[in-house]
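Novice: Numbering (UniProt numbering), first residue to last: 1 to 437. Ideal placement from N, C-alpha and C gives every residue a C-beta, glycine not left out. Just so we're clear, the structure is a prediction, and the values are computed from it rather than from any experiment.
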């Protein structure tokens, strides 16, 4: 009997040992995290600093509501980071309530504590800037008339703009195509410039960028930073800092080769349709085209600026139609706007589709609204009234006449009513609309 008891004891100890090993708690991502007191209330747009030990450049801060199944985590923007502290901004539009602060790093997460978000403070009224063919304007909030700030120039605005509030300056990538001749014959190459619009001095200057490369612009760590469209001779995705006096470019980050990421080689091309910078991630909609068969695959991806790495995502459903793809942020969530063009109809028809973007899985997860016969290009989100705004320029010919009239329609979409409407029509041709606070 004694031997049986000893045997059973050993079995229990063995199971207990296995169970202990299975429940080993992984080491924390950071140690001794200290959040502000739980009694303190914060508002959207406010910065919060967490102290601790072991923060890294790869860290992201997310907000999670207690009933996680009902909503997705909300990513914040990290504005400062060191080994002993990290600072983030509460996104505009976040619903008041209690949130768990979650640190995420390379697929692992760690709850840090909770914060209370209160009602937002009155937000400064949005201000619109219009970048047009013959000038740069503001919009009168009462009459909707255009007020010209800067007159006509050799503008080539492309819809790629970023506003630097610290300098009250708009940086705009401009581009055009130029016909050149070489030993292979005539061909078009891309010409690019960086337009610098000083809204305090109401001045405009332009810097030459290298020919043959298309660029996108972002504000990273307070500095205008350029992303170069990969070329036939260079399949790497690279970021560049720019000298705002000379226009000289200095490579700041090589994110790697897109061909190896997508498992292709040879005669393939890569095109960026839309991008959005949020925290240390640059979300993108791209197409990968087999130049021999002209077959294109549209995909989402993310550029992890901290690793760095290219992370491929889901397929974009474009119904086999030509399309433009944009991103915008609303109430802490990222959305895509896909504008589909149907050229098979006598008059080209448009469909604009708003979809919630899943930043964890890099895919558009649900369609929020579809607008028929409306091309919602480069929409700007206004958090003060939960609306989108965009412009559509046009030209019309009088039947039986050589007269051509031009103008621009200004549109808005109201998320509360799920309806789009025309706000105003201008005689001027406006290419880009930019909303700032």
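Is residue 190 near residue 168, with beta carbons less than 8 Å apart?
Specialist: No, Cβ-Cβ distance for residue 190 and residue 168 is not below 8 Å.
Novice: What residue does the alpha helix (DSSP H) around residue 261 start on, and which one ends it?
Specialist: Residues 258 to 262.
Novice: State the start and end residues of the unbroken beta strand (DSSP E) segment that holds residue 175.
Specialist: Residue 175 -> beta strand (DSSP E) spans 169 to 182.
Novice: Report all residues from its chain with a CB closer than 8 Å to the CB of residue 85; omit the five preceding and five following residues, and keep chain order.
Specialist: If we look at residue 85 and ignore the five residues flanking it on each side, its Cβ neighbours are 49, 50, 51, 52, 55.
Novice: Using only the alpha-carbon positions, how far apart do residue 281 and residue 430 sit?
Specialist: Cα to Cα, residue 281 sits roughly 31 Å from residue 430.
Novice: Output needed for residue 111: all residues of its chain with C-beta closer than 6 Å, excluding positions within five of it in sequence on either side, in chain order.
Specialist: Once the five neighbours on either side are set aside, the close Cβ partners of residue 111 are 100, 102.
Novice: Residue ranges of each beta strand (DSSP E) run of no fewer than 3 residues wholly in the UniProt domain "DUF4784" (27 to 121), ordered along the chain?
Specialist: With a minimum length of 3 residues, the continuous beta strand (DSSP E) runs that stay inside the UniProt domain "DUF4784" (27 to 121) are 31 to 34, 47 to 53, 60 to 64, 77 to 81, 85 to 89, 97 to 105, 108 to 117.
Novice: To the nearest angstrom, how far is the alpha carbon of residue 163 from that of residue 433?
Specialist: Near 12 Å, if we compare the C-alpha coordinates of residue 433 and residue 163.
Novice: Where does residue 424 sit, in a helix, a strand or coil, going by DSSP?
Specialist: Strand, per DSSP.
Novice: On the three-state DSSP scale, how would you describe residue 435?
Specialist: Correct three-state label for residue 435: strand.
Novice: Using a threshold of 7 Å, is the CB atom of residue 399 nearer than that to any non-hydrogen atom of the ligand MG?
Specialist: Questions concerning the ligand MG fall outside what the structure shown contains, since it holds no ligand whatsoever.
Novice: Measuring straight from C-alpha to C-alpha, what distance separates residue 247 and residue 205?
Specialist: The alpha-carbon atoms of residue 247 and residue 205 are separated by roughly 11 Å.
Novice: Cα separation between residue 186 and residue 253?
Specialist: So the alpha carbons of these two residues sit roughly 34 Å apart.
Novice: What did DSSP end up calling residue 230 once you bin it into helix, strand or coil?
Specialist: Residue 230: coil per DSSP, three-state reduction.
Novice: Do residue 316 and residue 352 have their C-beta atoms within less than 8 Å of each other?
Specialist: Their beta carbons are not under 8 Å apart, which means residue 316 does not touch residue 352 by this criterion.
Novice: When the Cα atoms are used, what is the spatial distance from residue 249 to residue 400?
Specialist: Cα-Cα distance, rounded: 51 Å.
Novice: Taking contact to mean at least 3 C-beta pairs separated by less than 8 Å, is the stretch 72 to 92 in contact with the stretch 131 to 142?
Specialist: Too few Cβ pairs lie closer than 8 Å, so no.
Novice: Within 10 angstroms of its Cβ, does residue 155 collect 16 or more other Cβ (buried), or is it exposed?
Specialist: Its Cβ being crowded by 16 or more others within 10 Å, residue 155 is buried.
Novice: Counting Cβ pairs, one atom from each stretch, are 3 or more of them under 8 Å apart for the stretch 384 to 395 and the stretch 358 to 366?
Specialist: No, because fewer than three Cβ pairs between the stretch 384 to 395 and the stretch 358 to 366 fall closer than 8 Å, the two stretches do not touch.
Novice: Tell me where the beta strand (DSSP E) around residue 366 begins and ends.
Specialist: Counting along the chain, the beta strand (DSSP E) containing residue 366 begins and ends at 363 to 372.
Novice: Leaving out the 5 sequence neighbours to the left and right, which residues in its chain are closer than 6 Å to residue 338 when beta-carbon positions are compared?
Specialist: If we look at residue 338 and ignore the five residues flanking it on each side, its Cβ neighbours are 323, 325, 353.
Novice: Going residue by residue through the stretch 296 to 362, where are the continuous beta strand (DSSP E) segments of at least 3 residues, counting only ones entirely within it?
Specialist: Taking only runs of at least 3 residues, the beta strand (DSSP E) segments lying wholly in the stretch 296 to 362 are 309 to 315, 322 to 330, 333 to 342, 349 to 358.
Novice: Near residue 423, which residues of its chain fall below 6 Å by C-beta distance, leaving aside the five closest residues on each side in sequence?
Specialist: Once the five neighbours on either side are set aside, the close Cβ partners of residue 423 are 410, 412.
Novice: With a threshold of 6 Å on Cβ separation, who are the neighbours of residue 355 within its own chain once the five nearest residues in sequence on each side are excluded?
Specialist: The answer, listed in chain order, is 336, 364, 367.
Novice: Identify whether residue 418 lies in helix, strand or coil by the three-state DSSP scheme.
Specialist: Coil, per DSSP.
Novice: Can you name, in chain order, every residue of its own chain whose Cβ lies under 7 Å from the Cβ of residue 61, other than the five neighbours on each side?
Specialist: Contacts found: 76, 78, 86, 88, 101, 103.
Novice: Under the three-state reduction of DSSP, which class applies to residue 185: helix, strand or coil?
Specialist: Three-state DSSP puts residue 185 in a strand.
Novice: Taking C-alpha atoms, which residue in 109, 361, 408 lies nearest to residue 283?
Specialist: Ranking 109, 361, 408 by Cα distance to residue 283 puts 361 first.
Novice: Per DSSP, which residues does residue 130 bridge with? Please list them.
Specialist: The partner list for residue 130 (beta bridge, DSSP) reads 137, 433.
Novice: Between which two residues does the beta strand (DSSP E) carrying residue 205 extend?
Specialist: Start and end: 203 to 208.
Novice: Please name the residue, chosen from 350, 265, 166, 150, that lies closest to residue 232 on a Cα-to-Cα basis.
Specialist: The shortest C-alpha separation from residue 232 is found at 265.
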